[in-house]
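Undergrad: Below you will find the structure I want to go over with you.
Residue numbers (our numbering): 8 to 229.
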């Protein structure tokens, strides 16, 4: 569900509080005059594969998962976006109209600033802090995607599952994960049968506790 967007004054207040250490005041004002902040419930799709990219998302609060899809429609989790993060796919399309090659879904309730992509190139010249932010964002997302490739290539499924659960806890800030075996299998590009077997093994090894509607990761339990 998409909630009502915030006013310019609300935007200035929020961005100044969150990003005054990162962006100069003039850039923050530019962001609020050209973009807008929208609130999204958990599980809301904010970008789909094939959708024309017109705005760049900047996460103000919450978390967004970035997914890739193969020809059979199977999804694979690439990385998460959290406070101050943006999507490298969108940044790469700032000089010409392009269609999205990824799917973006809110992991928890989130606030996102949407900035018209035509501003990207203009701000690269106008604001030093923006150039630094864009280059650092490219570097961060590239490293995360390389880590995802390494994880697929060199780690076995049990290690990948443990990392998946840890990443979920870091994002949600809660050791209780309300997620089904089917959802885990879908995001990890595996089968529900394999995930169910591995989840049972992790439980037998004392790493997780499975309940009817959620899973607890014992490493993070107090």
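For each residue, glycine too, the CB sits at the ideal point set by N, CA and C.
No experiment lies behind these values; they were computed from the predicted model shown.
Counting only beta-carbon separations shorter than 9 Å, does residue 151 have a partner in chain B?
TA: In the structure shown, chain B cannot be found, because there is only a single protein chain.
Undergrad: When you compare each of 84, 23, 210 to residue 174 by their alpha carbons, which one comes out closest?
TA: Cα-wise, what sits closest to residue 174 is 84.
Undergrad: Going by the beta-carbon positions, is the gap between residue 120 and residue 211 smaller than 9 Å?
TA: Not closer than 9 Å, so no.
Undergrad: Based on DSSP bridge pairs, tell me the residues matched to residue 54.
TA: DSSP lists 111 as partners of residue 54.
Undergrad: Measure the beta-carbon distance from residue 34 to residue 136 and round it to whole angstroms, keeping in mind my assumption that it falls under 8 Å.
TA: At roughly 6 Å, the Cβ-Cβ gap stays under 8 Å, so residue 34 and residue 136 are in contact.
Undergrad: Quick check on residue 9: does DSSP put it in helix, strand or coil?
TA: Bear in mind that a pLDDT of 46 at residue 9, under 50, signals an unreliable position, so the model cannot answer this.
Undergrad: As a quick exercise: from 59, 28, 117, 184, pick the residue whose alpha carbon is nearest that of residue 50.
TA: Comparing Cα positions, the closest option is 117.
Undergrad: Using 8 Å for Cβ pairs, my map puts residue 153 next to residue 106. What's the rounded Cβ distance?
TA: No, residue 153 and residue 106 are not in contact; Cβ-Cβ is about 24 Å, not under 8 Å.
Undergrad: Give me, in chain order, the residues of the same chain whose beta-carbon lies closer than 6 Å to that of residue 110; leave out the 5 immediate sequence neighbours on both sides.
TA: So the list reads 55, 56, 74, once near-sequence residues are dropped.
Undergrad: Quick one: what's residue 62 bridged to in DSSP?
TA: 123, per the DSSP bridge assignment.
Undergrad: Skipping 5 residues on each side, what residues in its chain have a beta carbon closer than 6 Å to that of residue 11?
TA: Legend: pLDDT at residue 11 = 49, less than 50; position of this residue unreliable, value from coordinates given subsequently. Cβ neighbours of residue 11 beyond the five flanking positions: none.
Undergrad: In the DSSP assignment, find the unbroken alpha helix (DSSP H) run with residue 219 in it and report its ends.
TA: Neither: residue 219 is in no alpha helix (DSSP H) and is coded neither H nor E.
Undergrad: Have a look at 127, 113, 46 and flag the residue whose alpha-carbon is nearest the alpha-carbon of residue 37.
TA: Of the candidates 127, 113, 46, the one whose C-alpha sits nearest the C-alpha of residue 37 is 127.
Undergrad: With 16 other CB atoms within 10 Å as the buried threshold, where does residue 144 fall?
TA: Classification of residue 144: buried, given that the 10 Å Cβ count is 16 or more.
Undergrad: Following the continuous alpha helix (DSSP H) through residue 43, name the residue where it begins and the one where it ends.
TA: Unbroken run through residue 43 is the beta strand (DSSP E), 43-47; no alpha helix (DSSP H).
Undergrad: Might you give, ordered along the chain, the residues of its own chain that have their beta carbon closer than 7 Å to the beta carbon of residue 134, omitting 5 neighbours on each side?
TA: Cβ within range, chain order: 31, 34.
Undergrad: Given a cut-off of 9 Å, decide if residue 227 and residue 182 are closer than it, judged by their beta-carbon atoms.
TA: The answer is yes: Cβ separation under 9 Å.
Undergrad: Nearest by alpha-carbon distance to residue 29: which of 131, 229, 91 is it?
TA: Nearest of 131, 229, 91 to residue 29, Cα basis: 91.
Undergrad: Starting from residue 75, follow the beta strand (DSSP E) in both directions and report where the run begins and ends.
TA: It spans 71-76 - the beta strand (DSSP E) in which residue 75 sits, taken as one unbroken run.
Undergrad: Is the Cβ-Cβ distance between residue 95 and residue 131 less than 9 Å?
TA: No, these two residues do not count as a Cβ contact at 9 Å.
Undergrad: For residue 82, which of helix, strand or coil comes out of DSSP?
TA: In this structure, residue 82 counts as strand in the three-state DSSP scheme.
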